[in-house]
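Report on the structure given below.
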Amino acid sequence: MKKYLGITAALIFNHAASADEARLLNQQPAVAEQTFLVGSWTGEAQGVRVHKAFYPSQGIYTVRLAANGSMMPIALTPAESPSWLTIDAPHQRVYVVNEVDDGKVSAYHLEKNGELTLLNTVDSSGMHPTHSALSRDGRFLLVANYSAKDGQAGVSAIPVMSDGRLGKTQQFFPYNQGSNKVVGRQSSGHAHSVTFSIDGQYVLAADLGADKIHVYHYDPKAKEPFSLLKDKTISFPEGDGPRHSLFSADGKYLYITTEMSAQVKVYSFNQGKTALLQSEKLTDSTKPDDMSGAGLSLSPDGRFLYVGNRGEKNQIVRYAVDKATGKLSASKTYSAGGVEPRDFTFDATGRYLFVANVYSNNVVEFARDLETGELSPTGATLQIGTPTHIRFVDLGK
Numbered sequence: 001m002k003k004y005l006g007i008t009a010a011l012i013f014n015h016a017a018s019a020d021e022a023r024l025l026n027q028q029p030a031v032a033e034q035t036f037l038v039g040s041w042t043g044e045a046q047g048v049r050v051h052k053a054f055y056p057s058q059g060i061y062t063v064r065l066a067a068n069g070s071m072m073p074i075a076l077t078p079a080e081s082p083s084w085l086t087i088d089a090p091h092q093r094v095y096v097v098n099e100v101d102d103g104k105v106s107a108y109h110l111e112k113n114g115e116l117t118l119l120n121t122v123d124s125s126g127m128h129p130t131h132s133a134l135s136r137d138g139r140f141l142l143v144a145n146y147s148a149k150d151g152q153a154g155v156s157a158i159p160v161m162s163d164g165r166l167g168k169t170q171q172f173f174p175y176n177q178g179s180n181k182v183v184g185r186q187s188s189g190h191a192h193s194v195t196f197s198i199d200g201q202y203v204l205a206a207d208l209g210a211d212k213i214h215v216y217h218y219d220p221k222a223k224e225p226f227s228l229l230k231d232k233t234i235s236f237p238e239g240d241g242p243r244h245s246l247f248s249a250d251g252k253y254l255y256i257t258t259e260m261s262a263q264v265k266v267y268s269f270n271q272g273k274t275a276l277l278q279s280e281k282l283t284d285s286t287k288p289d290d291m292s293g294a295g296l297s298l299s300p301d302g303r304f305l306y307v308g309n310r311g312e313k314n315q316i317v318r319y320a321v322d323k324a325t326g327k328l329s330a331s332k333t334y335s336a337g338g339v340e341p342r343d344f345t346f347d348a349t350g351r352y353l354f355v356a357n358v359y360s361n362n363v364v365e366f367a368r369d370l371e372t373g374e375l376s377p378t379g380a381t382l383q384i385g386t387p388t389h390i391r392f393v394d395l396g397k
């Protein structure tokens, strides 16, 4: 870990932002100072939509959010493509997937000054780990190994030691079979995310390559604590590509984004059983380049769902949520303020939304109206090379 020296990231007011946006930042109500971490892909990304970074990312950035909404990096933890961050808040630990060919997972302790101290690094048992989730009891970290190479994708169950270090993989579920619908994306299985149910008894693993979500039961007392429930598998139309899933706070409803078909789907959920309630398109366009569903996030009060659509659109789509039925309505789209909005998250108050735009190398701040859910860019942008994930942390006192 080293203190931030102002070399690889910088806080700027977007020069293209209007005077109204600059005033908006100054007019935001004061909130308590907060801290968030930004994960990233290290090195230089490739592709037609990629903007060359002035300073390619070097790892995990610790950022201070001031009371007025301004951002300032305060520390940098060098790491290799730390693309997803899982927080164990009670123990001040951070678990990081290293999204590289020889997949790794790293455990860190979060210090009170925002620095991260490495505890250990282990093999993820697959290639290109892209997502992880901690069991509710803190005993296992589940890791989704996406893998760009056939035969190396699947979900790993990695035990967490009492001191926070990670052990060797205890169970591995390979994802070898793809639906072969989308050329170049579905010749094999591709684990893209793992999500625990609110009660912690079930795990949903999105297999983008097979157009399925596999459901597992978790029994911490069993010799093999995770067991596949084949009869609970959620199947999607071929070519949909399920990516991420999210539960409502009461655990009754499940929201799932599909990448290639660019949809958000709503399901009821009861003891591992699901029923489709609604499907909504993120865009009316049928052009493949306009369809690339990404992350999703519920507002802290559960009244609004926000979903990312990348490709040529680069938008955040807002939906109103009927908390009684789980269904969505009244959609509205907003520019993400950059290219490839892979992930976004709210601050603790719900007054701000922060978007990680990977290919434009920026984290963009939006002010959010708590009553209407409307988003307005504040004009504040944090320049970080290929940011992929944002998570707020509590540094304590």
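Following this note's numbering, the numbering of the sequence shown begins with 1 at its first residue and continues without gaps.
Beta carbons: idealized from backbone N, C-alpha and C, even for Gly.
Given the structure is predicted, the values throughout are model-derived calculations rather than measurements.
- In the assembly as shown, residue 377 is a buried residue. Its beta-carbon has 16 or more other beta-carbons within 10 Å.
- Buried is the label assigned to residue 211, since at least 16 other Cβ atoms lie within 10 Å of its Cβ.
- Assigned with DSSP and collapsed to three states, residue 157 falls in strand.
- Taking a contact as a CB-CB distance under 8 Å, the pair residue 243 and residue 293 counts as one, their CB atoms being some 6 Å apart.
- Using a Cβ-Cβ distance cut-off of 8 Å, the segment 67 to 87 and the segment 95 to 109 are in contact, since at least three pairs of beta carbons, one from each stretch, lie closer than that value.
- Taking every protein chain shown into account, the CB of residue 34 has 16 or more other CB atoms within 10 angstroms, so this residue is buried.
- Remark: C-beta atoms of residue 335 and residue 314 approach each other more closely than 8 Å.
- The beta carbon of residue 236 lies closer than 6 Å to those of 211 and 242 in the same chain, with the five residues before and after it left out.
- As for any beta strand (DSSP E) of minimum length 3 sitting wholly inside the segment 72 to 113, the runs are 82 to 88, 93 to 98 and 104 to 110, ordered along the chain.
- One Cα belongs to residue 182, the other to residue 389, and the distance between them is close to 26 Å.
- Taking residue 281 as reference, the option from 258, 209, 321 and 299 with the minimal CA-CA separation is 258.
- Burial is judged here by how many other beta carbons sit within 10 angstroms of a residue's own beta carbon; residue 73 has at least 16 and is buried.
- Look at residue 265 here: in three-state DSSP terms it is strand.
- Leaving aside the five residues that flank residue 139 on each side, the residues in its chain whose CB is nearer than 7 Å to its CB run, in chain order, 159, 160 and 220.
- Inter-residue distance for residue 167 and residue 175 is about 22 Å (C-alpha atoms, whole angstroms).
- Counting other Cβ atoms within 10 Å of its Cβ, residue 86 reaches 16 or more and is therefore classed as buried.
- Nearest to residue 128 by alpha-carbon distance, out of 192, 65, 70 and 342, is 192.
- Take the alpha-carbon of residue 392 and the one of residue 382: they are about 15 Å apart.
- In the DSSP assignment, residue 227 falls within the beta strand (DSSP E) that extends over 226 to 228.
- Leaving aside the five residues that flank residue 45 on each side, the residues in its chain whose CB is nearer than 6 Å to its CB run, in chain order, 386.
- Straight-line spacing of the CA atoms in residue 143 and residue 350 works out to 28 Å.
- Under the rule that a run must span 4 or more residues, no alpha helix (DSSP H) segment is found entirely inside the segment 339 to 386.
- DSSP, reduced to helix, strand and coil, places residue 273 within a strand of the structure shown.
- CA-CA distance, residue 285 to residue 291, rounds to 8 Å.
- Short of 8 Å from the beta carbon of residue 301, and not among the five residues preceding or following it, lie these beta carbons of its own chain, in chain order: 350 and 370.
- In the structure shown, residue 242 adopts extended strand secondary structure according to DSSP, grouped into three states.
- Where residue 288 is concerned, there is no enclosing beta strand (DSSP E), because DSSP gives it neither an H nor an E.
- Beta-bridge partners assigned by DSSP to residue 203: 196 and 216.
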